[in-house]
Every structure is written in structure tokens, then in C-alpha cells.
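Start counting at 1 in the sequence shown, then tack on 3, and there's your number in my numbering.
C-beta atoms are modelled at their ideal positions from N, C-alpha and C, and glycine is treated no differently.
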Amino acid sequence: SFAEKANIALDLAKRYPKLNSFWLDDYFASSFERPEVELYRLKDEMRQLPQKPKLTVVFYSTNFGRNPKPTFDACDQISFWVYDANDLPKMEECLAKCRELAGPEKPILLGIYMWNFPKKTEIPRASMQGQLNLAERLMRTGAVQGLIFHCTPLVDTDLESVRMCKDWIRRHGEDLWGAER
Numbered sequence: 004s005f006a007e008k009a010n011i012a013l014d015l016a017k018r019y020p021k022l023n024s025f026w027l028d029d030y031f032a033s034s035f036e037r038p039e040v041e042l043y044r045l046k047d048e049m050r051q052l053p054q055k056p057k058l059t060v061v062f063y064s065t066n067f068g069r070n071p072k073p074t075f076d077a078c079d080q081i082s083f084w085v086y087d088a089n090d091l092p093k094m095e096e097c098l099a100k101c102r103e104l105a106g107p108e109k110p111i112l113l114g115i116y117m118w119n120f121p122k123k124t125e126i127p128r129a130s131m132q133g134q135l136n137l138a139e140r141l142m143r144t145g146a147v148q149g150l151i152f153h154c155t156p157l158v159d160t161d162l163e164s165v166r167m168c169k170d171w172i173r174r175h176g177e178d179l180w181g182a183e184r
């Protein structure tokens with residue numbers, strides 16, 4: 004249950020004071036009766052921890068059919084992902100919709116996939132380049148507050164999309180995040 008998972012996370016945070024964020028992945032695939040009640044209970048307990056961890060919800064472009072607003076309101080930040088590479092041309096439009104639901108101040112972290120999981124294929128070069136170009140622009144304009152490159156077993160493969168991401172990070176990482184990252 005959600006409560007059991009929340010208690011496990013809280014216990015871990017008590018044991019490990021550097022644990023500074025709780026992530027709700029596939030949260031919208033669950034069917035909690037009143038999810039915001041559970042989330043606010045968890046947030047209250049998180050505030051009691053010395054490190055004051057952030058609560059982050061992972062939101063996929065395929066989740067717009069559910070009403071994410073109550074969940075967004077309860078969380079500290081949102082991790083937004085375009086799940087199907089065929090939808091990458093709509094990434095900016097989907098992100099704008101996510102921003103509208105989240106409000107102007109809520110941090111959004113943009114997820115970058117290197118693999119099209121629904122189709123079980125590599126993301127084509129042009130789509131990957133478009134995703135990286137958009138990510139850079141969104142970071143530079145402050146439309147997103149961070150990028151997450153999906154870490155899968157793919158990162159040690161010789162796929163073009165992986166090489167493109169590694170090269171992009173080498174070229175833009177320090178410029179976008181500073182030398183300390």
C-alpha cells in the first residue's frame with residue numbers, strides 16, 4: 004500500500020540523513036481513493052525529519068488523462084517525461100500543459116530518454132537531437148530547473164542516442180550546471 008511504502012521511505016530517511024528526496028514513480032498508475040490525503044500525511048511526516056526531504060512526483064506525458072493538479076499541489080517538484088519517442092515533437096506543448104497545472108513556481112525537472120520503451124527501439128537521431136536542443140533551450144530560459152538522463156543498462160552500450168547524450172553532457176554540462184556538478 005502507499006502507506007507501507009511511505010513508512011519504509013520515512014524509516015530510511017531517519018537512518019540515512021543524506022536522503023533528501025522522496026520520488027513517486029508510476030504514482031498515477033495507482034488507484035488510491037484520496038491520494039492527496041496520503042501525500043499530505045507523508046509531507047507532514049517528512050517535515051519532521053532534520054533534512055526536510057523534497058517530495059517529487061514523476062509525471063509522464065501519457066498521464067494527462069488523470070487529474071494531476073491535487074498531486075502537483077502536494078509535491079515539491081515534478082519530474083516530467085515524454086514516455087513515447089513518437090510524442091517528442093509535442094514535448095514542449097506537453098511541458099507547457101504540465102507547467103500550467105503545476106503553477107509558475109513549482110520546479111520541473113525534464114526527463115530525457117535514450118530509448119523508446121513502448122516501441123523497444125532506439126530513439127532516432129533527429130528525434131534525439133531535437134530532444135537535446137529543446138532541453139538546452141528550456142534549461143537556459145529557466146522553463147525547467149533540471150534535466151534527468153534516464154539511467155538504464157543502455158548507458159554502457161554503443162547506441163547512437165547514448166553517444167549523443169554523453170557528448171551533449173560533455174559539451175553543455177559545465178555551462179548549464181557549473182563545475183561542481
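Checklist entry - Using the rule of at least 16 other Cβ atoms within 10 Å of the residue's Cβ for burial, across every protein chain shown, is serine 64 buried or exposed? => result With 16 or more other Cβ atoms within 10 Å, it is buried.
Item to check | Exposed unless 16 or more other CB atoms sit within 10 angstroms - verdict on tyrosine 19 | outcome: Classification for tyrosine 19: exposed.
Item to check | Range of the contiguous alpha helix (DSSP H) that encloses tyrosine 30 | outcome: Here tyrosine 30 belongs to no alpha helix (DSSP H), and DSSP marks it neither H nor E.
Next on the checklist: Which of the three DSSP states is assigned to glycine 176 in this structure?
Outcome noted: helix
Checklist entry - Beta-carbon separation of glutamate 95 and arginine 128 under 8 Å? => result No. Outside cutoff.
Item to check | Three-state secondary structure (DSSP) of serine 64 | outcome: helix
Checklist entry - Between the C-alpha atoms of serine 82 and tyrosine 116, what's the straight-line distance to the nearest angstrom? => result For serine 82 and tyrosine 116, the distance between alpha carbons rounds to 13 Å.
Next on the checklist: Does arginine 184 come out as helix, strand or coil in the three-state DSSP assignment?
Outcome noted: At arginine 184, the pLDDT of 44 sits below 50, so the modelled position is not reliable; the number obtained from the coordinates is stated separately. Looking at arginine 184 - three-state DSSP - the assignment turns out to be coil, as it is neither helix nor strand.
Item to check | Cα-Cα separation, aspartate 159 to lysine 169 | outcome: 10 Å
Checklist entry - In angstroms, rounded to a whole number, what distance separates the CA positions of serine 24 and alanine 16? => result 9 Å
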